[in-house]
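Throughout the sequence shown, residue numbering follows full-length UniProt numbering, covering 1 to 411 in sequence.
Using N, Cα and C, we set each Cβ at its ideal position, and we do this for glycine too.
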Amino acid sequence: MKATAVLAPGILVLLFTLVQKSNGECKEALVKSKMNVNMQYQLPNFTAETPIQNVVSHKHHIYLGAINYLYVLNDKDLQKVAEYKTGPVLEHPDCFPCQNCSHKANLSGGVWKDNINMALLVDTYYDDQLISCGSVHRGTCQRHVLPPDNTANIQSEVHCMYSPQADEEPSQCPDCVVSALGTKVLLSEKDRFINFFVGNTINSSYLPDHSLHSISVRRLKETQDGFKFLTDQSYIDVLPEFRDSYPIKYVHAFESNHFIYFLTVQRETLDAQTFHTRIIRFCSVDSGLHSYMEMPLECILTEKRRKRSTREEVFNILQAAYVSKPGTQLAKQIGANLNDDILYGVFAQSKPDSVEPMNRSAVCAFPVKYVNEFFNKIVNKNNVRCLQHFYGPNHEHCFNRDYGVDKYNNV
1 MKATAVLAPG ILVLLFTLVQ KSNGECKEAL VKSKMNVNMQ YQLPNFTAET
51 PIQNVVSHKH HIYLGAINYL YVLNDKDLQK VAEYKTGPVL EHPDCFPCQN
101 CSHKANLSGG VWKDNINMAL LVDTYYDDQL ISCGSVHRGT CQRHVLPPDN
151 TANIQSEVHC MYSPQADEEP SQCPDCVVSA LGTKVLLSEK DRFINFFVGN
201 TINSSYLPDH SLHSISVRRL KETQDGFKFL TDQSYIDVLP EFRDSYPIKY
251 VHAFESNHFI YFLTVQRETL DAQTFHTRII RFCSVDSGLH SYMEMPLECI
301 LTEKRRKRST REEVFNILQA AYVSKPGTQL AKQIGANLND DILYGVFAQS
351 KPDSVEPMNR SAVCAFPVKY VNEFFNKIVN KNNVRCLQHF YGPNHEHCFN
401 RDYGVDKYNN V
């Protein structure tokens with residue numbers, strides 16, 4: 001799917017300069033005289049001791065997930081009101097998540113590791129609680145129950161979310177949620193249950209029998225001490241032979257009208273050196289991921305020239321995204337209604353054969369209903385190709401696969 005860029009800062013400055021010149025130089029001095037270039041602004045700010053990975057807000061507080069710390073700030077002035085230390089953590093092969101391994105500090109095999117915050121979520125279904133998932137302890141999570149009279153208190157009641165079953169295989173650990181290489185987690189309430197939709201970057205350091213998965217859906221147990229997969233098809237993984245050559249970076253996740261979406265940056269094909277952005281979609285009640293589909297998502301800047309010719313620039317790699325409703329002007333411009341979900345994406349141009357961005361970027365706005373129309377057209381025209389990085393060329397999913405689009409569209 002393609003969308004025309006809404007903003008491109010470099011282009012915007014250029015156009016502004018041309019407009020000023022066309023209006024004459026007499027007005028230029030007047031405009032400059034109104035500019036106070038010495039104005040200083042004192043803005044609320046907070047500086048963390050370590051890099052910040054995630055930010056969420058809840059009831060007049062802002063929660064920050066950083067390396068080895070969780071911070072709580074007042075949302076009025078960004079003053080720190082609480083903090084919780086999450087690392088460094090001593091990891092040892094004989095230590096399970098939730099165990100205190102400090103007594104093994106002098107034993108061989110023990111390593112002190114920084115705890116990078118990979119996911120930070122607020123859940124209000126059972127209790128008001130902050131759920132944080134870190135890079136240590138096999139990617140497990142902790143939940144911090146927030147007292148009703150003091151939602152800044154994240155340390156009075158902390159629970160580790162790890163409770164393996166006696167007959168559970170190590171490769172089927174539903175409590176092992178996030179990857180230290182990168183992850184996006186979406187929390188969704190469905191039919192009185194809390195589901196976690198997770199996209200993880202994995203490579204050969206995660207062995208084939210390891211418990212982390214590329215894309216998965218798991219349910220929070222009612223006891224809130226861990227998770228469970230609903231079926232043995234509640235996850236799909238990049239095949240071991242492609243994990244180093246075909247990395248998938250999960251940039252954003254959101255839910256809209258019974259569908260779950262992930263936005264990724266990955267190679268265009270298994271053999272390609274170039275990268276692009278893809279949008280993933282599957283039904284929110286599809287615990288077996290049978291409705292899983294991907295398609296490219298492009299942000300294109302079209303510049304009209306005086307000689308009626310146009311020049312197009314493609315911004316191929318997504319940097320950040322957000323979903324919200326449109327304003328009146330934007331809705332009219334892109335043919336959307338005021339209550340439609342709009343996906344806003346910040347895209348960059350990448351260096352050749354790389355995911356490293358260059359210094360040109362653009363913002364594109366995609367009505368989610370149009371995204372769904374493109375997905376449906378792909379299926380209706382039988383233009384579906386096998387996702388060989390997940391299934392391989394000879395897997396049964398690559399032949400006569402029933403995607404059930406009509407079924408899920410009518411949910």
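Span of the alpha helix (DSSP H) around residue i
| i | result |
| --- | --- |
| Val238 | Looking at the DSSP string, Val238 is not in any alpha helix (DSSP H), and its letter there is neither H nor E. |
| Ala331 | 328 to 334 |
Residue i (DSSP reduced to helix, strand or coil)
| i | result |
| --- | --- |
| Ser102 | helix |
| Tyr391 | helix |
| Ile248 | coil |
| Phe46 | coil |
| Gly134 | strand |
| Lys59 | coil |
| Pro378 | Residue identity differs from the one stated: residue 378 is Ile in this sequence, not Pro. Looking at Ile378 - three-state DSSP - the assignment turns out to be helix. |
| Gln172 | helix |
| Met1 | coil |
| Gly110 | coil |
| Gly139 | helix |
| Gln266 | strand |
| His144 | strand |
| Leu230 | coil |
| Glu157 | coil |
| Ile116 | coil |
| Ala272 | coil |
| Thr277 | strand |
| Leu207 | coil |
| Val177 | coil |
| Tyr261 | strand |
| Asp127 | coil |
| Gln53 | strand |
| Ala66 | strand |
| Arg243 | coil |
| Cys386 | coil |
| Leu121 | strand |
| Ser256 | strand |
Span of the beta strand (DSSP E) around residue i
| i | result |
| --- | --- |
| Phe96 | Neither: Phe96 is in no beta strand (DSSP E) and is coded neither H nor E. |
| Phe196 | 193 to 200 |
| Asn74 | 69 to 74 |
| Lys221 | Premise fails: Lys221 is in no beta strand (DSSP E) and is neither H nor E. |
| Met39 | Segment: none, Met39 is in no beta strand (DSSP E) and carries neither H nor E. |
| Val185 | 183 to 190 |
| Val89 | 89 to 91 |
| residue 450 | Residue numbering for the chain in the displayed model covers 1 to 411; residue 450 lies beyond these limits and cannot be assessed. |
Identity of the residue in the options nearest residue i by Cα
| i | options | result |
| --- | --- | --- |
| Ile317 | Cys133, Tyr250, Gly134, Lys377 | Tyr250 |
| Thr239 | His389, Met1, Ala331 | Per the sequence shown, residue 239 should be read as Leu rather than Thr. Ranking the options by Cα distance to Leu239, first place goes to His389. |
| residue 413 | Asn150, Leu181, Thr269, Tyr391 | Because the chain spans 1 through 411 in this model, residue 413 falls outside it and cannot be assessed. |
| Leu148 | Trp112, Thr124, Cys141, Gln142 | Contrary to the premise, residue 148 reads as Pro rather than Leu in this sequence. Closest option to Pro148, Cα to Cα, is Thr124. |
| Leu146 | Pro164, Ser163, Asp127 | Asp127 |
| His60 | Tyr69, Asn257, Gln79 | Gln79 |
| Tyr322 | Asn376, His252, Arg267, Phe229 | His252 |
| Ile260 | Val56, Lys377, Val368 | Val368 |
| Asp175 | Gln142, Asn153, Ser205 | Gln142 |
| Val285 | Ile62, Phe193, Lys104 | Phe193 |
| Ile215 | Thr223, Asp225, Ser179 | Ser179 |
| His144 | Ser163, Pro164, Leu121 | Leu121 |
| Pro247 | Val72, Ser102, Gln273, Asp77 | Gln273 |
| Phe282 | Asp191, Tyr370, Phe197 | Phe197 |
| Val355 | Phe315, Asn339, Val384 | Phe315 |
| Asp353 | Val265, Gly392, Leu338 | Val265 |
| Asn45 | Val56, Tyr391, Leu73, Glu268 | Leu73 |
| Ser205 | Leu301, Gln129, Ser256, Ser245 | Ser245 |
| Phe229 | Val177, Asp77, Gln349 | Val177 |
| Lys377 | Ile154, Glu294, Ser324, Tyr69 | Glu294 |
Any non-hydrogen atom of the ligand PLP closer than 6 Å to residue i Cβ
| i | result |
| --- | --- |
| Pro367 | The ligand PLP is not part of the structure shown, which contains no ligands of any sort. |
Exercise. Flag this pair as touching only if the stretch 111 to 131 and the stretch 44 to 57 have three or more C-beta atom pairs under 8 Å; answer yes or no.
Key: yes
Quiz item: Do the stretch 126 to 140 and the stretch 81 to 101 touch if we need at least three Cβ pairs shorter than 8 Å?
Solution: yes
Quiz item: Can you find at least 3 beta carbon pairs, one from the stretch 361 to 369 and one from the stretch 331 to 344, that sit closer than 8 Å?
Solution: yes
Exercise. Would you be able to state if there are at least three C-beta pairs under 8 Å between the stretch 91 to 107 and the stretch 150 to 158?
Key: no
Self-check item: beta strand (DSSP E) runs wholly inside the stretch 285 to 372, at least 3 long, in chain order
Solution: 293 to 296, 298 to 304, 310 to 315, 317 to 324, 342 to 350, 357 to 367
Quiz item: Is it a yes or a no for the stretch 222 to 241 touching the stretch 323 to 334, going by three-plus beta-carbon pairs under 8 Å?
Solution: no
Quiz item: Does the pairing of the stretch 287 to 296 with the stretch 225 to 236 give three or more beta-carbon distances under 8 Å?
Solution: yes
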